[in-house]
Every structure is written in C-alpha cells, then in structure tokens.
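In my numbering, the protein residues as written are 73 to 393. Even glycine gets a Cβ: it sits at the ideal position worked out from N, Cα and C. Only one structure is covered here, and it is reproduced in the block below.
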Amino acid sequence: MRQGSIGKSVKIYRANDTSILDVLKETVNNGKLEGKRVFVKPNLSHPQYLPGVVTDPVLTGELIGLLRDRNCEVIVGESDGFNYPCHAAFDKTGMRRAVERAGGSVVNLSEDRVVEVKFKDCGSLKRLFLPKTVIDADAVVDLPLMKTHEFMAYSGAIKNLFGCIPSNKRIFLHPYLPEVFFRLYTLLKPVVTVMDARVGIEGNGPTKGKPVKMDLVLSSSDALALDIVAAKIMKLHWKDTYLNYIARKTDLREGDITMEGVPVSAVAHRFEPPRIDLPVKAQIFIYKHEYLTKMLFCSLDIVKLFQKITMTYRGETAEER
C-alpha cells in the first residue's frame, strides 16, 4: 500500500488521540453530504448492545447530528435477524432512542417495500430483492465493526451491507456470498464508511468471539479498501477471504490503496482466528450447497435445534452465547 499517493484512501485514527466526534466531522465533510437523503447501516447483529458486536448508539447519534446540521434526512435501517425481530434490537440496544433523539428515523428493512434488482451477466446469482428505502437513498453510510467470522474468517464493512437484504431467510444466500457481497458493494456504493474498532472481536465472531481492545477508528469513502486495511491490521490474509473475489471483480489492487494517519505496522495485532470445530465444519459444508442450506435451515425451530446442539458440543451456556 502506498502512503500519500492518489487512489482509494483509508485513514486510521487512534481513538485515544482524537475524539470520535472529530473523526465523524472530518469524514462527513469529506463525504460532501449536504441536503441529501442518507441511509445509515449500523451493525445490529445481536439483540442487545455489546461493544464490538453492535454499533455504538452514541457514535450513531453523533453522526446523525452532524448530518442533520447539513440539512440531511437520515434513515437508519436494519433487517430482522433469523432469531429476533429488528425492532427488538433497535429498542434493546438503545439504537432507536439515540437515532430519534438526534433527529433521525429508524426503519425495519424487513417491513419495507422491495425492489427486484436483476443481473444480466451470466452468473450464479440472478437477482436480489432490496429495500426501496435503501435503493432510493441519495447516499449510503456504512458503520461496521472489526470482527473475525467463524464461517468467513473476516467480517467488516461489506459484510455489514448483507443486513440490507430484507428477508430473514437471507441465510439461503450463503452458497453465493462472495457474489452477493460484490453486488451489494457495487450497487449501494457507500459514500462514507466509518469502522469503530475501539473494540474488535476475535475468535468465533461475529457475535460469539472475544473482545480485543484496539482503540482505533478507520474511515474511507471506499468500503472494500477499508476492509482490506482492517484485515491487515488484524493480520488476516485478506486474499484468502471473499475480499479477494470482490477485489478481482472490481480490479482493485492492494497497491491502489493509500493510507493516512497511523501506519498499519504501528497498530497491527494478530486476531485469534475462529476455531473450526465440528459444528462450524458442518455449517461450512452445508452453506456450499443451495438446496442443502434450504432444507436444513428452512425453519427457526431447526436453527434453534442446531444452535442447542452446538452449545452442548462446546459446553456453552445461553449467557455465554
């Protein structure tokens, strides 16, 4: 990665050297978000607030306040999880209160009107159904977190966009995830991505891993570039993940990425990789096959049974999970 040359730029901040509000101000100014209808995508992958697992409501509220100062209409959205409704996550994490106090509104994307987006080129993925609220927005802002992922090694900015797919049966798309992520990245084109990496998640993320104190914030106008830099900070081999598929499809090379702020070498920390035990191996195998995925994860009862078996195998309690 080049330092200070023209290309996809990613800035790395030490959170203890600067305030989050200052980071957000700089990022919003660079994004030229004035008088626009802005859709903000947080990460609400758990029904309760856990640092590093769920996007910080305070950070989200500060961002919305800055956007509202620029006469933007701000809509914050998430879809239903397979195990819990989106509205419960908005309420229990404190996100709804933070958003509405800052002058924004929340939307459950699973209850939104959908737009069918067809892909004309030959490929395994023929179409996606996406929320009209997201499609109609003038700009998308992505608020991901720095995590490992037990099925995909890494979870960050582009993976966070997966929550824009409104059906809670999006698990059926797992056999095509690299292509799905590529389509979401190129369709939604987040103009601002801010990764709150004050706390990361290592091990069996994105929700069951261990917290890692990083005290970092990353920002970029390009979600893929930010993901590549984040993976390097975590000392993950990004070319062994779905990021390489997207980089090849978009012709982005690592050398095209410029960096500002703190060097990667000064903050890099080797994240503990996921433990690929029998339950993870089983799900990875299932996810490779469309019809097997649909057959085995066709109902919430089956998913809960699989989770119970996994917890028993690992000796976990419900609280630990």
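With H, G and I counted as helix, E and B as strand and the rest as coil, what does DSSP make of residue i?
i: A226; result: According to the sequence provided, residue 226 is Tyr. The question's Ala does not apply to it. In the structure shown, Y226 sits in a strand (DSSP, three-state: E or B).
i: Y306; result: In the sequence on display, residue 306 carries Met and not Tyr. If DSSP states are grouped into helix, strand and coil, M306 belongs with coil.
i: H246; result: helix
i: I381; result: helix
i: D214; result: strand
i: I318; result: helix
i: R347; result: coil
i: R19; result: Outside the shown range of the chain, which is 73 to 393, sits residue 19, and nothing can be said about it.
i: S177; result: strand
i: V263; result: coil
i: I92; result: helix
i: D193; result: coil
i: E391; result: At E391, the pLDDT of 47 sits below 50, so the modelled position is not reliable; the number obtained from the coordinates is stated separately. Coil at E391, not helix or strand.
i: D268; result: strand
i: K104; result: coil
i: I237; result: coil
i: G133; result: helix
i: Y156; result: coil
i: D299; result: helix
i: S77; result: Only weak support is given to the placement of S77: the predicted model assigns it a pLDDT of 35, under 50, and the value that follows is read from those uncertain coordinates. DSSP places S77 in coil when its eight states are reduced to three.
In its own chain, which residues sit with a C-beta less than 6 angstroms from the C-beta of residue i, not counting the 5 before and 5 after it?
i: V95; result: Y85, V289
i: S292; result: V82, T265, L298
i: K80; result: D294, A297, D328, I329
i: G333; result: K83, I84, Y85
i: R168; result: F162, V178
i: F357; result: none
i: D349; result: none
i: E362; result: P247
i: E183; result: none
Just to confirm my understanding: we take residue i, look at its own chain, exclude 5 residues before and 5 after, and list those with CB closer than 8 angstroms. What are they?
i: C236; result: K113, G149, S151, L181, L202, P203, V206, L256, L260
i: V186; result: F201, L202, P203, K204, P238
i: G166; result: Y121, P129
i: E172; result: V178
i: K164; result: P119, Q120, Y121
Should residue i and residue j be called a contact, given that it needs their Cβ atoms to be closer than 8 angstroms?
i: G277; j: T220; result: yes
i: L116; j: T127; result: yes
i: V125; j: I273; result: yes
i: F223; j: V339; result: no
i: M286; j: H246; result: no
i: L197; j: V252; result: yes
i: A174; j: I136; result: yes
i: P283; j: V271; result: yes
i: K311; j: F343; result: no
i: I147; j: G176; result: yes
i: K321; j: F254; result: yes
i: L324; j: Y226; result: no
i: H118; j: T313; result: no
i: R142; j: L105; result: yes
i: P335; j: G275; result: no
i: M267; j: A229; result: yes
i: Y359; j: P250; result: no
i: A269; j: M331; result: no
In this structure, what does DSSP give as the bridge partners for residue i?
i: H221; result: A225
i: Y85; result: V289
i: V146; result: V110
i: G333; result: I84
i: E188; result: F201
i: P123; result: V126
i: L116; result: V126
i: E274; result: K282
Among the residues of its own chain, which have a CB less than 7 angstroms from the CB of residue i, if the five just before and after it don't count?
i: K97; result: L138
i: A390; result: With a pLDDT of 49 at A390, under the threshold of 50, the predicted position of this residue should be treated as unreliable, though the coordinate-derived value follows. Correct list: empty, nothing qualifies.
i: T382; result: P351
i: N232; result: K113, N115, D214, P216
i: V189; result: R199, L200, L202, L259
- Any contact of the region 100-114 with the region 298-317, i.e. 3+ C-beta pairs under 8 angstroms? no
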